[in-house]
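Down below is the structure, laid out as structure tokens.
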Amino acid sequence: MKLFDVYPINHIAIERAEGSYVWDTEDNKYLDMYGGHAVISIGHTHPHYVLRLQEQLKKIAFYSNSIEIPIQKELADKLGKISGKEDYQLFLCNSGAEANENALKLASFYNGRKKIISFSKAFHGRTSLAVAVTDNKNIVAPVNETDNVSFLPFNDEVALANYFEHYGNEISSVIIEGIQGVGGIREASKSFLQLIRSLCTKYNAVYIADSVQCGYGRTGDFFAHDYAGVQADIYSIAKGMGNGFPIGGILIAPHIQPKHFMLGTTFGGNHLACAAALAVLEVIEAEQLLMNAKNMGDYLLENLKKIPQIKELRGRGLMIGIEMPDELAHIKQALLRQEKIFTGEAKPNTIRLLPALNISKIEADLFLNSFAALLK
Ligand SMILES: Cc1ncc(COP(=O)(O)O)c(C=O)c1O
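Numbering (numbering that gives the first Met the number 0), first residue to last: 0 to 375.
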């Protein structure tokens with residue numbers, strides 16, 4: 000059987016990994032400033048993570064959600080404490096799209112409404128509602144098209160206020176990334192997030208903070224949205240949560256009450272996934288990775304600011320977008336081929352840095368020196 004060919008890929012096969020480095024089958028060593036798309040949060044094969052997964056695997060990997068799974072409660076407690084959302088409720092699933100799918104569905108159950116507001120350049124996943132609120136027609140199949148979703152211009156407060164004035168009582172939810180990832184590392188402004196909060200409160204709509212890529216400590220705050228100083232009603236999480244083990248979830252504010260069977264999942268919250276997620280939180284706590292993400296992010300940004308060839312520098316913490324002018328569009332490939340550094344990309348010509356939260360100054364300097372060398 001052939002693989003279904005859905006991605007243009009780099010012909011490099013990674014065989015092993017440690018911390019922020021990976022090795023291919025020919026034993027070439029690469030610096031990983033991409034984290035497999037913001038997934039590797041505590042570094043590859045972190046010893047505590049490996050041990051916790053091994054120990055859990057020997058005990059039990061899975062049993063259905065029809066029984067007590069104490070490790071889920073342990074995870075919810077720890078996540079509540081570290082994220083500062085102790086009074087929220089946790090629903091566990093397996094991916095970012097699934098988290099957003101459940102968030103949008105739950106919002107609609109909550110207020111009985113159908114309209115959803117999303118924004119230009121948003122990316123929320125590839126499943127039915129998640130892709131319907133994603134601003135990319137190429138990945139929306141005819142069956143996913145719906146009149147329930149309106150795309151408004153990102154960070155446009157007037158357009159948002161006008162829309163609420165017209166349709167306020169029909170709006171179920173507003174979904175927004177704190178920093179757009181696939182959209183090119185674009186930050187939602189503080190005042191825009193604050194306006195979303197106040198309009199959602201006024202009209203009883205649900206503010207959904209998609210934190211799949213920008214959350215889980217990546218910006219130095221647990222949630223990128225936190226910097227606006229207001230709370231969302233639902234936070235969706237995945238990627239960095241399991242450091243590569245598939246797990247996602249939504250944090251749900253206390254006023255949204257559950258009913259049996261309104262949400263559900265076979266695999267979500269299984270023992271092994273919870274062990275992976277707990278290992279990640281334990282390392283985040285023990286190694287103070289939120290602080291490290293902020294410090295290393297500041298260090299990278301400060302030094303990148305000195306490079307005159309960069310067209311625009313965007314982002315916060317360890318979520319950085321480096322937009323290059325057209326004539327330097329080849330730099331991303333050169334970083335990989337010549338300097339052996341993995342980075343992400345976004346259109347147009349934006350290099351995305353999404354490294355593990357525990358990178359040190361050594362890795363930051365390695366990246367900065369290699370980048371500068373290519374621009375000489
Ligand atoms: C902001 C955001 N939301 C949702 C998703 C979808 O996550 P997943 O690929 O785990 O379904 C992504 C993936 O890139 C994302 O960046």
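Even for Gly, the Cβ is constructed at its ideal location relative to N, Cα and C.
With respect to the 8 Å criterion, residue 236 and residue 252 are not classified as neighbours on the basis of their beta carbons.
In this structure residue 122 is not in contact with residue 248, their Cβ atoms being roughly 19 Å apart against a cut-off of 8 Å.
Collapsing the DSSP output to three states places residue 238 in a helix. Residue 67 carries a coil assignment under DSSP once its states are collapsed to helix, strand and coil. Residue 23 is bridged by DSSP to 13. In this structure, the beta-carbon distance from residue 185 to residue 178 falls below 8 Å. Comparing alpha carbon positions, the residue from 6, 87, 153 and 26 closest to residue 12 is 26. When rounded, the separation of the alpha-carbon atoms in residue 94 and residue 72 is 19 Å.
In the DSSP assignment, residue 88 falls within the beta strand (DSSP E) that extends over 88-92.
Just measuring C-alpha positions, the residue of 257, 217 and 150 sitting nearest residue 242 is 217.
Rounded to whole angstroms, the separation of the alpha carbons of residue 192 and residue 364 is 34 Å. With respect to residue 148, residue 190 sits apart: the two C-beta atoms are not nearer than 8 Å. Relative to the non-hydrogen atoms of ligand 1, the Cβ of residue 147 never comes closer than 7 Å to any of them. A Cβ-Cβ distance of about 10 Å is found for the pair residue 81 and residue 288, leaving them out of contact under the 8 Å criterion.
Distances from the CA of residue 47 to each of 285, 375 and 310 were compared; the closest alpha carbon is that of 285. In the structure shown, the three-state DSSP call for residue 353 is coil. The criterion of a C-beta distance shorter than 8 Å is satisfied by residue 275 and residue 246.
For residue 38, no alpha helix (DSSP H) encloses it, and the DSSP letter there is neither H nor E.
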